[in-house]
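Structure, as structure tokens:
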Amino acid sequence: MAPQHVRTVTLQDVVVGDGVPKVIVPLTDPDLDSLLTTTKNLLASPADIIEWRADTFADKSPEALREVTTLLRRTAAYRPFIFTVRTADQGGAWDIGDDTYVELIAAVCADATMDAIDVQASHPGAAELIATAERHRMPVIGSHHDFTGTGSVSRMVARLETITRMGVQIAKLAVMPTCPADVASLLAATAHCAAYLPIPLITMAMGELGKVSRISGEIFGSSATFATHGPASAPGQLPLADVLTGQRLLELPTA
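Just so we're aligned, residue 1003 is where the sequence shown starts under this note's numbering, counting upward by one.
What follows is the structure in structure tokens.
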């Protein structure tokens, strides 16, 4: 069961913030045919949620991307989708202008083809997008990715607190460790925040060193993790089958 202080987030029939961390698989195919094929394959997998990384799609016109969300929904009507545009400065594949970023994600909210959106917490349009999503009753994952380092426990705690105060439904933090102590710091920050923040957290240490953080969320308080079913969308992502095996090995007994 989820801690009483945590407001869980329900995406279709998947409850984030309760029980074993949910497994999210990203779609990164550059063309429509391969994207839809991968989506159909995922329907036969145990992935809980699908994330479409729209920044990896070859045709980046907003009209094309919005049409793809409609096709994805038709292909996988009963599987939750997260719509994500990861900008270049956050490790993504699109050097997108600020206005285009806001307009595209706002349009996807209005279209209601996706089940949640990712909003980069440091983006200048973040507050506007969160307000737009609230009007459309669209859950928001407020995210921050640091590919240059990890920072102290207190810095990561402050980051998660700041994201939470923005009014999002889920707070996500990904950092890049340079030593084992960095991974331990990320896990410590997660456990600390999970004890009192009112929303589910998704945290991870990226790269080879951080792999343990991708399977130990139930212990430390991360409510979801990312796994591959094809190409990875971030360093250190593990194959879906390996993540599920790791989660089973570390699963806590029910009360």
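Virtual Cβ for every residue (Gly too), placed ideally from N, Cα, C.
Item                                                                                                                                           : Value
So, does the CB of N1043 fall closer than 9 Å to a CB anywhere in chain B?                                                                     : Of the chains in the structure shown, none is chain B; there is only one protein chain.
Is the beta carbon of D1120 closer than 9 Å to that of I1084?                                                                                  : yes
Would you kindly work out how many angstroms separate the C-alpha atoms of G1021 and D1031, rounded to a whole number?                         : 30 Å
Residues bridged to G990 by DSSP?                                                                                                              : No information on residue 990 is available, as it lies outside the stretch 1003 to 1257 that the chain covers here.
So, V1155 versus A1191, is the Cβ gap smaller than 9 Å?                                                                                        : yes
What residue does the beta strand (DSSP E) around R1055 start on, and which one ends it?                                                       : 1051-1055
For A1196 and M1168, what's the separation of their Cα atoms in angstroms?                                                                     : 17 Å
Identify the continuous beta strand (DSSP E) that holds V1159 and give its terminal residues.                                                  : Careful: V1159 lies outside any beta strand (DSSP E), inside the alpha helix (DSSP H) at 1155-1167.
Looking only at C-alpha atoms, which of L1246, E1210, A1095 sits nearest to T1086?                                                             : A1095
Is the Cβ-Cβ distance between G1019 and S1225 less than 9 Å?                                                                                   : yes
What alpha helix (DSSP H) runs, 4 residues minimum, are completely inside the segment 1168-1249?                                               : 1182-1196, 1219-1222
Between which residues of its own chain and P1048 is the CB-CB distance below 8 Å, once the five residues before and five after are set aside? : V1025, L1242, L1246
Buried or exposed: which applies to D1184, given that a residue is buried once 16 or more other Cβ atoms fall within 10 Å of its Cβ?           : buried
Please state if the CB of L1044 and the CB of H1231 are separated by a distance shorter than 9 Å.                                              : yes
Let me know the secondary structure DSSP gives T1115 once reduced to three states.                                                             : coil
Below 7 Å CB to CB, which residues in the same chain sit around L1252 once its five sequence neighbours on both sides are set aside?           : I1217, S1218, E1220, I1221
Under the three-state reduction of DSSP, which class applies to P1064: helix, strand or coil?                                                  : helix
From L1038 to E1136, what does the alpha carbon distance come to, in whole angstroms?                                                          : 29 Å
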